[in-house]
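Those letters in the sequence shown? Residues 1 to 355, per the working numbering, in order.
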Amino acid sequence: MARSKDPRNRKLRLDLAPGKNFWVVPTLVVLEILVFLAMVMMGASALSPGAITLFEWGGNQRTAVLDGEFWRFFTALFIHDGAFHLLVNLFSIWLAGRILEPLLGSLNTFLLILLCGLTSSLGSFMGNPVLISVGASGIGYGLISATFLALFVRASYFRELVPHVLLLLILFVLQVVFGTFNDHLDRSAHWGGSVAGALFMLLFGFHFNTWTTMRQTRALVGVLFIALVSVTWYTARDLKNPLGEYRQALRVFRAESDSAEQAYLRLYDTLAFREGMEHWDRAAAAFDHLDRSSTPPVLLEEVSRIQLYCQLRKKEFSLRIDYLRQDGTFAPEIYRSLRQQIDMLESGKPARVLF
């Protein structure tokens with residue numbers, strides 16, 4: 001009886017349907033789909049959500065994590081950059097998981113998915129200073145590498161699974177070829193997930209060959225993950241944190257902009273507006289020290305918008321001085337155009353300098 005409960009002795013049917021021995025992977029797939037549908041229902045594009053949307057929904061980004069947002073290691077695994085990205089990842093996960101879950105058991109499959117997902121996030125964190133990484137591709141690559149290694153660990157298990165393995169191999173080759181010519185893919189996450197999946201299956205190979213008990217094997221996996229996190233944390237101490245610098249600059253901008261507004265509200269004259277112009281200069285200069293090579297593009301876009309806003313407000317104060325002088329230099333049409341641009345920036349719409 002004990003032998004029949006051993007996952008190593010379970011038989012796998014050649015269909016892909018969920019069942020008693022295959023429910024962890026389907027649950028993951030359903031959660032991935034639900035999150036994607038929620039994004040679309042909240043206004044995200046189903047084909048290409050865009051960097052800002054992916055970041056706001058919890059994409060993994062080094063500077064955000066360094067600023068304390070560690071939850072992005074988890075949330076990024078459930079966010080995808082469009083329907084095609086989602087379908088490719090879920091097909092890989094489903095196909096590899098259909099092979100592995102009956103072999104490993106549900107609990108061990110859950111541990112494998114968790115290890116591959118978090119390791120891929122750590123790999124992205126260490127390998128990409130500015131890229132916003134999303135998707136479950138690291139999990140997919142981890143499951144695929146674990147499947148291929150299992151061919152050597154439990155070769156007899158795969159006698160009835162040749163169609164599954166061939167389809168998985170074709171899918172893996174296509175993904176590698178596509179990734180080779182696509183610079184937007186997160187190769188660090190893929191490598192992280194692949195290595196984690198291979199190491200996981202290597203450790204379970206000890207159990208399959210009766211070198212260790214299941215409890216000892218899980219303990220080894222836990223030690224492996226703790227060591228990985230410790231090394232990453234130790235290395236991350238010396239990494240730059242441009243998001244923290246950006247937020248500090250943002251606090252300076254808000255303080256200076258408040259002072260500029262208060263200057264002319266306190267005393268509506270030329271002196272007050274000159275003081276306000278100085279505040280707008282300091283507000284714009286607060287972002288000059290940012291390291292643009294390590295700052296995410298989405299933040300650089302916001303910095304450009306803020307600095308443009310400061311320039312427009314400074315110009316507005318200058319025109320107000322011209323108005324107070326009443327020497328004929330004030331141009332109402334320029335002032336109206338300027339206010340339109342300021343209003344567009346404040347409402348989040350793009351503006352252009354037309355003077």
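Even for Gly, the Cβ is constructed at its ideal location relative to N, Cα and C.
If I'm right that residue 138 touches residue 192 with Cβ under 8 Å, what's the distance once you round it to whole angstroms?
-> For residue 138 against residue 192, the beta-carbon gap comes to about 6 Å, under 8 Å, which counts as contact.
According to DSSP, is residue 21 helix, strand or coil?
-> coil
Within its chain, find whatever has a CB closer than 6 Å to the CB of residue 280; leave out the 5 residues flanking it on each side and keep chain order.
-> Within the same chain, Cβ atoms closer than 6 Å to the Cβ of residue 280 are found at 260, 310, 313 and 314, the five residues on either side in sequence being excluded.
To which residues of the same chain is residue 273 closer than 6 Å at the C-beta, ignoring the five residues directly before and after it?
-> 264, 317, 320 and 321
DSSP state of residue 133 mapped onto helix, strand, coil = strand
Measure the alpha-carbon distance for residue 171 versus residue 25 and round it to whole angstroms.
-> Taking the straight line joining both Cα atoms gives about 18 Å.
Report yes or no: do the stretch 56-65 and the stretch 99-116 share at least 3 C-beta pairs separated by less than 8 Å?
-> no
Whole-angstrom C-beta distance between residue 36 and residue 80, which should lie under 8 Å | 6 Å
Grab the span of the alpha helix (DSSP H) containing residue 274 for me, first residue to last.
-> 270-285
Reference residue 370, options 22, 224 and 233, closest by Cα = Residue 370 lies beyond the stretch modelled for the chain, which goes from 1 to 355, so this question has no answer here.
Selection from 50, 117 and 41 that minimises the alpha carbon distance to residue 28 = 117
Does DSSP put residue 60 in a helix, in a strand, or in coil?
-> In the structure shown, residue 60 sits in a strand (DSSP, three-state: E or B).
How would you label residue 45, buried or exposed, when you count the other beta carbons within 10 angstroms and need 16 or more for buried?
-> exposed
Limits of the alpha helix (DSSP H) - the one that residue 313 falls within = 297-325
Short Cβ contact (7 Å threshold) for residue 133 with residue 76 = Cβ distance < 7 Å, so residue 133 and residue 76 count as in contact.
Thinking C-beta only, is residue 83 closer than 7 Å to residue 357?
-> Limits of the chain in this structure are 1 at one end and 355 at the other, which puts residue 357 out of reach.
Does the beta-carbon of residue 49 have 16 or more other beta-carbons within 10 angstroms, so that it is buried, or is it exposed?
-> buried
Rounded C-alpha distance that separates residue 246 from residue 287 | 7 Å
Can you give me the start and stop residues for the alpha helix (DSSP H) that residue 346 sits inside?
-> 332-346
Opening and closing residue of the alpha helix (DSSP H) in which residue 80 lies = First-last for residue 80: undefined, no H or E at that position.
Which class does residue 329 belong to by DSSP, given the choice of helix, strand or coil?
-> Annotated three-state conformation of residue 329 is coil, per DSSP.
Measure the beta-carbon distance from residue 202 to residue 149 and round it to whole angstroms, keeping in mind my assumption that it falls under 8 Å.
-> 6 Å
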